[in-house]
Every structure is written in structure tokens, then in C-alpha cells.
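Participant:
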Amino acid sequence: MKYRLMDLLACPMCKHFPLKLIVFEETGIERPEKIRRCELYCGYHQALIEDLSELDCEDCWSKEIVSG
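If you read the sequence shown in this note's numbering, its first letter stands for residue 507, the second for the next number, and so on.
Quick look at the structure:
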């Protein structure tokens, strides 16, 4: 799973957004050439985009969540 998926997921029952992600294991992967930034929520930093002073999108895209 990718951290950026947290920008899209909400609870199907109550529509709560954002969901909390607890990562147990992640691995490094080769990041793609073209990177899309999250719109509302950064799962990598677990914060709303508007609350972040800088984004580490390149670092986020080079990670794959193995379990969590």
C-alpha cells in the first residue's frame, strides 16, 4: 500500500476522514518519474496538507507499506 492512499480513504460507515494509519513495516522502492501530490491529507506525515510547511513527496513515493 502507498501512503498517498490515505488522501483518498474514508470510513465507509461514518465517512470519517482522515483515517489513522499505523505502519509496522515498510520497504524502499524505485520512485516513478512523475509524482502526484496529495490534495487534502499527507499520510506520510499524518497531517493535513494546509498544516505542513514542506512536503516530502519524493521520499513518500519511494516507500511501500508492507504491513500495517
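All C-beta atoms in this analysis are idealised placements derived from N, C-alpha and C, irrespective of residue type, glycine included.
Could you tell me the boundaries of the beta strand (DSSP E) in which E532 lies?
Facilitator: Numbered from its first residue, the sequence shown carries residue 532 at position 26. The continuous beta strand (DSSP E) containing E532 extends over residues E531 to G534.
Participant: Does the CB of C520 have a neighbour CB from chain C at under 8 Å?
Facilitator: Note that chain C does not occur in the displayed structure, where there is just one protein chain.
Participant: Quick one: using the 10 Å Cβ neighbour count with 16 as the cut-off for buried, is R542 buried or exposed?
Facilitator: As a working mapping, residue 542 is identified with position 36 in the sequence shown. R542 should be labelled exposed.
Participant: Taking just the CA atoms, how far does D565 sit from H511?
Facilitator: In the sequence shown, residue 511 corresponds to position 5, counting from 1. In the sequence shown, residue 565 corresponds to position 59, counting from 1. Here residue 511 turns out to be Leu, not His, going by the sequence shown. Straight-line Cα distance between these residues: approximately 15 Å.
Participant: So who's on the other strand from S573, going by DSSP bridges?
Facilitator: Taking the sequence shown and counting its residues from 1, the one referred to as residue 573 is at position 67. The partner list for S573 (beta bridge, DSSP) reads E531.
Participant: Can you tell me where the alpha helix (DSSP H) with C566 in it begins and where it stops?
Facilitator: For this step, residue 566 is matched to residue 60 along the sequence shown. C563 to W567 is the extent of the alpha helix (DSSP H) around C566.
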